[in-house]
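**Student:** 1423 is the number of the first residue of the sequence shown in this note's numbering; add one for each residue after it.
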Amino acid sequence: MNNNLKSLLIEYDQKRSNAINKANLKKEEFYSKHSDVEKIDNEIKQLSIDAIKFSLLNDKEKLKSINKEIQNAQVKRNNLVEKYGANLKDFNPQFECKKCKDTGYVSTESGNELCSCIKQKLYNLSFNESNIYNLKNQCFDNFDLNVYSNKVDKEKYNSSISPRENINRILKSCHNFIDNFDDAKENNLLFCGNTGLGKTFLSSCIANELIKKGKVVLYQTAPIMLDKIIDYKFGKSDDDIVKSIYNADLLIIDDLGSETKNNLKITELFNIINSRLLNQNNKITKTIISTNLSLQDLYDTYEERIVSRIIGNYNACYFYGEDIRLQKKLVH
1423 MNNNLKSLLI EYDQKRSNAI NKANLKKEEF YSKHSDVEKI DNEIKQLSID
1473 AIKFSLLNDK EKLKSINKEI QNAQVKRNNL VEKYGANLKD FNPQFECKKC
1523 KDTGYVSTES GNELCSCIKQ KLYNLSFNES NIYNLKNQCF DNFDLNVYSN
1573 KVDKEKYNSS ISPRENINRI LKSCHNFIDN FDDAKENNLL FCGNTGLGKT
1623 FLSSCIANEL IKKGKVVLYQ TAPIMLDKII DYKFGKSDDD IVKSIYNADL
1673 LIIDDLGSET KNNLKITELF NIINSRLLNQ NNKITKTIIS TNLSLQDLYD
1723 TYEERIVSRI IGNYNACYFY GEDIRLQKKL VH
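Dropping the structure here:
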């Protein structure tokens, strides 16, 4: 992961430099047309240098006078810029990340830390192993309700509501999860149902929205995740993936139940689920588990302590209907 971080920091440095250079060029172009504004700007710079000098000399009277001159000059400059139909903000660098200003780091009480934007890129490069992070089209706006039947079939689906009404209820649960993500009392999500019913797509939609909010999302299929943890336990890899699994704001565990089972993996799965529920280090962490298994299958497959944690702390969303990939072909 260190090599990926080095590459990303080089990329960020170039991106930041480009944004600053672009802003400077825009300002120079404006100055070339309006030299009076440039002249006042240079006066403000010189006055600011004088202010620093008198501050160091502890000359409060002179400093007060200089600051007054700076304020007057700024008002004069701002009025001129506005007169010429521009805005000072137009000359500020347009950084991709407003939080870290494309440095990759943010200041916290404990010192400088990696910004969520570069953490997410790092996770994507190092760990996320699915097209779930090709998020261009994986958003709620592109979720097609028409592929879910509006017909109630209690005998087939063991439900008194149609697949479309059911998926509408699931959508509400998804939005509620996003809106209340920082509430420690808000439950995690369990997506159950056969393949081809939208579980992974909706996980992507949620991931997309939370990344926009500055959350760091880690996606792992259950087989790969557990294999990586076992590799670490036996000294075959470093602890980067383990730290990420426990610390990511949102962990998406996809395809639970498809992994090979043994006591060590069952124990590690419990540790992950249980630890993330505890919100360690005063940090709220949430989890989405997606599985083709039913609740009964989960009880039959895993220890009671695992299933009890899930039942008690996850909102279960049951997906049913016809395979939406087939339905999309029929609709289109």
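Yeah, the Cβ is synthetic: ideal placement off N, Cα and C, and Gly gets one too.
Just so we're clear, the structure is a prediction, and the values are computed from it rather than from any experiment.
Considering only residues of the same chain and omitting the five flanking positions on each side of N1425, which have a CB-CB separation below 7 Å?
**Tutor:** none
**Student:** Any beta carbon of chain C sitting closer than 8 Å to that of E1491?
**Tutor:** No chain C is present in this structure, which holds just one protein chain.
**Student:** For Q1642, write down the residues that DSSP places opposite it in a beta bridge.
**Tutor:** Paired residues: I1675.
**Student:** Helix, strand or coil for S1439, going by three-state DSSP, please let me know.
**Tutor:** helix
**Student:** Return the residue from the list Y1721, N1509 and T1525 that minimises the CA-CA distance to A1441.
**Tutor:** T1525
**Student:** Under 8 Å between the Cβ atoms of C1519 and F1613?
**Tutor:** no
**Student:** Applying the criterion that 16 or more other CB atoms from any shown protein chain within 10 Å of the CB defines a buried residue, is K1541 buried or exposed?
**Tutor:** buried
**Student:** With a Cβ-Cβ cutoff of 8 Å, do L1544 and L1427 count as a contact?
**Tutor:** yes
**Student:** Return the Cβ separation of N1609 and N1737 in integer angstroms, given the expectation that the two are a contact with Cβ distance under 8 Å.
**Tutor:** 5 Å
**Student:** Pull up the distance between the alpha-carbon of R1591 and that of K1705, whole angstroms please.
**Tutor:** 29 Å
**Student:** Identify, in the order they occur along the chain, each residue of the same chain with its Cβ nearer than 8 Å to the Cβ of K1449, setting aside the five sequence neighbours on each side.
**Tutor:** F1513
**Student:** Round the Cβ separation of V1639 and I1646 to the nearest angstrom and send it over; I've been treating them as touching at under 8 Å.
**Tutor:** Not confirmed; about 16 Å, so no contact.
**Student:** Figure out for me which residue from V1569, I1600 and K1444 has the closest Cα to the Cα of E1587.
**Tutor:** Of V1569, I1600 and K1444, the residue nearest in Cα terms is V1569.
**Student:** Pull the bridge partners of S1529 from the DSSP assignment, please.
**Tutor:** N1534
**Student:** The alpha helix (DSSP H) with S1659 in it runs from where to where?
**Tutor:** Segment: none, S1659 is in no alpha helix (DSSP H) and carries neither H nor E.
**Student:** Quick check: what's the CA-CA separation for S1712 versus G1620?
**Tutor:** 10 Å
**Student:** Identify, in the order they occur along the chain, each residue of the same chain with its Cβ nearer than 8 Å to the Cβ of Y1654, setting aside the five sequence neighbours on each side.
**Tutor:** D1660, D1661, I1663 and V1664
**Student:** Taking only the alpha-carbon atoms, compute the straight-line gap between D1649 and L1593 and give it to the nearest angstrom.
**Tutor:** Answer to the nearest angstrom: the Cα atoms are 32 Å apart.
**Student:** Within a Cβ cutoff of 7 Å, which residues of the same chain sit near L1510, ignoring the five residues on either side of it in sequence?
**Tutor:** Excluding sequence neighbours, L1510 sits near N1500 and V1503.
**Student:** Alpha helix (DSSP H) containing N1737: first to last residue?
**Tutor:** No alpha helix (DSSP H) holds N1737; the beta strand (DSSP E) holding it covers Y1736 to F1741.
**Student:** For K1578, list the residues DSSP reports as bridge partners.
**Tutor:** K1578 is not bridged to any residue.
**Student:** Indicate the three-state DSSP secondary structure (helix, strand or coil) for L1611 in the structure shown.
**Tutor:** strand
**Student:** Just checking my contact of L1678 with I1710 at CB under 8 Å: how many whole Å lie between their CB atoms?
**Tutor:** Wrong, their Cβ atoms sit about 10 Å apart, outside the cutoff.
**Student:** Got a sec, what are the start and stop residues for the alpha helix (DSSP H) K1705 sits in?
**Tutor:** Careful: K1705 lies outside any alpha helix (DSSP H) and carries neither H nor E.
**Student:** For V1753, which residues of its own chain have a beta-carbon under 8 Å away from its beta-carbon, when the five flanking residues on both sides are left out?
**Tutor:** Legend: pLDDT at V1753 = 46, less than 50; position of this residue unreliable, no value from coordinates given.
**Student:** Does DSSP classify T1622 as helix, strand or coil?
**Tutor:** helix
**Student:** Is it right to say T1689 is buried, meaning 16 or more other beta carbons lie within 10 angstroms of its own, or is it exposed?
**Tutor:** exposed
**Student:** DSSP has S1712 in a bridge; who is on the other side?
**Tutor:** F1613
**Student:** By the 10 Å Cβ neighbour count, where 16 or more other Cβ atoms means buried, how is N1701 classified, buried or exposed?
**Tutor:** exposed
**Student:** Give a single yes or no on whether E1725 has its beta carbon closer than 7 Å to a heavy atom of the ligand HEM.
**Tutor:** Questions concerning the ligand HEM fall outside what the structure shown contains, since it holds no ligand whatsoever.
**Student:** Are the beta-carbon atoms belonging to I1675 and A1644 less than 8 Å from one another?
**Tutor:** yes
**Student:** Look at G1618 and I1746 and say whether their C-beta atoms are less than 8 Å apart.
**Tutor:** yes
**Student:** Could you give the first and the last residue of the continuous alpha helix (DSSP H) run that contains L1485?
**Tutor:** K1482 to K1505
**Student:** Among the residues of its own chain, which have a CB less than 8 Å from the CB of S1470, if the five just before and after it don't count?
**Tutor:** I1492.
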